[in-house]
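Undergrad: Okay, so the sequence shown: first residue is 1 according to full-length UniProt numbering, each after it adds one.
A virtual CB, placed ideally from N, CA and C, is assigned to each residue, including glycine.
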Amino acid sequence: MSSFHHLPTEIVCRVLECCTNQGIANAAATSHHLYDIGIPLLYKRQAKQGNHNITFWAAENGRIGTLKHIAEYMTVRVVAAEEWTHLVYDTSGDFDPKTDMATGWYWTPLHVAAEHGRIDVVEFLLDHGADIDAQSLTRRDLGLGIGIDSYRIDFQDRGIFELPPPVSFSPLVAAIHCRQNHVVKLLLSRGASIEIRETATKRPCGTTALHVAVINGNVEAIKMIIEGGHAGPNDPDADGYPPLLWAAQYLGIKNDASAASMQPLLDLGADINYIAPSDFYPGSRHSLVTILTKRWKPETAEALIALGATPLSDHESREIDKMTVTHF
Numbered sequence: 001m002s003s004f005h006h007l008p009t010e011i012v013c014r015v016l017e018c019c020t021n022q023g024i025a026n027a028a029a030t031s032h033h034l035y036d037i038g039i040p041l042l043y044k045r046q047a048k049q050g051n052h053n054i055t056f057w058a059a060e061n062g063r064i065g066t067l068k069h070i071a072e073y074m075t076v077r078v079v080a081a082e083e084w085t086h087l088v089y090d091t092s093g094d095f096d097p098k099t100d101m102a103t104g105w106y107w108t109p110l111h112v113a114a115e116h117g118r119i120d121v122v123e124f125l126l127d128h129g130a131d132i133d134a135q136s137l138t139r140r141d142l143g144l145g146i147g148i149d150s151y152r153i154d155f156q157d158r159g160i161f162e163l164p165p166p167v168s169f170s171p172l173v174a175a176i177h178c179r180q181n182h183v184v185k186l187l188l189s190r191g192a193s194i195e196i197r198e199t200a201t202k203r204p205c206g207t208t209a210l211h212v213a214v215i216n217g218n219v220e221a222i223k224m225i226i227e228g229g230h231a232g233p234n235d236p237d238a239d240g241y242p243p244l245l246w247a248a249q250y251l252g253i254k255n256d257a258s259a260a261s262m263q264p265l266l267d268l269g270a271d272i273n274y275i276a277p278s279d280f281y282p283g284s285r286h287s288l289v290t291i292l293t294k295r296w297k298p299e300t301a302e303a304l305i306a307l308g309a310t311p312l313s314d315h316e317s318r319e320i321d322k323m324t325v326t327h328f
């Protein structure tokens, strides 16, 4: 092998180009000279073949050295998408899940690093052009407490005849859901948006990362979002409901995780007697206690009263007792 080392670099390159990936790796392990020649060949070959498995592996396992090679010889701006039975990769920078894949899930290395808490990888990817608000939809997102087309409060007392536009999720949402709050702090400091966006139009859907933190009981993330000025404690969603109603509505769901969010929201300035829209017709507005009682959630209304909310007046109680709710 020593004689091979002394061949002109051009010849060594031609020889290595004829080798398998394993052959190049074996040669690169024998000397610094062959390493400097062989490693770029390996990464460029992966890029040419459209195989970016190594990028996602490095993001998950915190391999900064590998990512440095990827940034130099490939790109960290890549989306993985399931297309029927195999993975495809998009490095165009404008991946559109509506047109660029047939079916399945999609995600980026930044999502992988965020959900695994690899803060050094998150920083590296952002410093090398990764989109801080890149969108994904993965199996992990099935546990968010909200879904691709179920991201508004559903009192489950009325029929729903039209699903809202589907949404997708950012690395910030992934970090909040996986409780990687050191990553949450970094992403917020780097300007990550808290918005959850419609997949097709990229418009904010009205539900945000704060709601994800609330229904999953991630108190630290709630504090970072509100105290950092990224959202207010009473900011309404698309239907006019404040975060406190999300916490109350999700009691008894997801193992009562949202119960942990209620007192912190109040401590951060949430209005326990917030007046919100309560029915379909214009101008119908009531307190959260009244809304929950009218929508057949008396237990959650009692939970708010126990925290200091104003109980129903005798008049409101009589009106609700007389009220007939039509179920579809």
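If we ignore side chains and look at the alpha-carbon of each, how far apart do Asp131 and Thr300 end up?
TA: Answer to the nearest angstrom: the Cα atoms are 39 angstroms apart.
Undergrad: Let me know the secondary structure DSSP gives Trp246 once reduced to three states.
TA: Trp246 falls in the helix class under three-state DSSP.
Undergrad: Please identify the residue among Pro282, Ser92, Ser317 whose C-alpha is closest to the C-alpha of Leu292.
TA: Looking at the Cα atoms, Ser317 is the closest of the given residues.
Undergrad: Can you look up Thr66 in the DSSP assignment and give me helix, strand or coil?
TA: Helix, per DSSP.
Undergrad: With distance defined between alpha-carbon atoms, name the residue in Leu266, Thr290, Ala306 nearest to His315.
TA: The shortest Cα separation from His315 among Leu266, Thr290, Ala306 belongs to Thr290.
Undergrad: Can you tell me where the alpha helix (DSSP H) holding Leu187 begins and where it ends?
TA: From DSSP, the alpha helix (DSSP H) with Leu187 extends over 181-189.
Undergrad: Can you say whether Ala102 is buried or exposed, counting buried as having 16 or more other CB atoms within 10 angstroms of its CB?
TA: Unreliable positioning characterises Ala102 in this predicted model, as indicated by a pLDDT of 45, which lies under 50. A coordinate reading is not provided.
Undergrad: Let me know if Arg295 comes out buried or exposed under the rule of 16 or more other beta-carbons within 10 Å of its beta-carbon.
TA: Arg295 comes out buried.
Undergrad: Counting along the chain, where does the beta strand (DSSP E) carrying Pro277 start and finish?
TA: Residues 275-277.
Undergrad: Near Glu220, what residues of its chain come up, given a Cβ to Cβ distance below 7 angstroms and the 5 sequence neighbours on each side ignored?
TA: If we look at Glu220 and ignore the five residues flanking it on each side, its Cβ neighbours are Asn181.
Undergrad: Give me the Cβ distance between Leu67 and Val12, rounded to the nearest whole Å; I'm assuming they're in contact under 8 angstroms.
TA: Incorrect: roughly 26 angstroms between the Cβ atoms, too far for contact.
Undergrad: Starting from Arg45, follow the alpha helix (DSSP H) in both directions and report where the run begins and ends.
TA: From DSSP, the alpha helix (DSSP H) with Arg45 extends over 32-49.
Undergrad: Contact between the region 264-271 and the region 236-244: three or more CB pairs below 8 angstroms?
TA: The region 264-271 vs the region 236-244: in contact.
Undergrad: If we require 3 or more residues per run, which beta strand (DSSP E) segments fall completely within the region 164-239?
TA: Listed in chain order, they are 195-198, 204-208.
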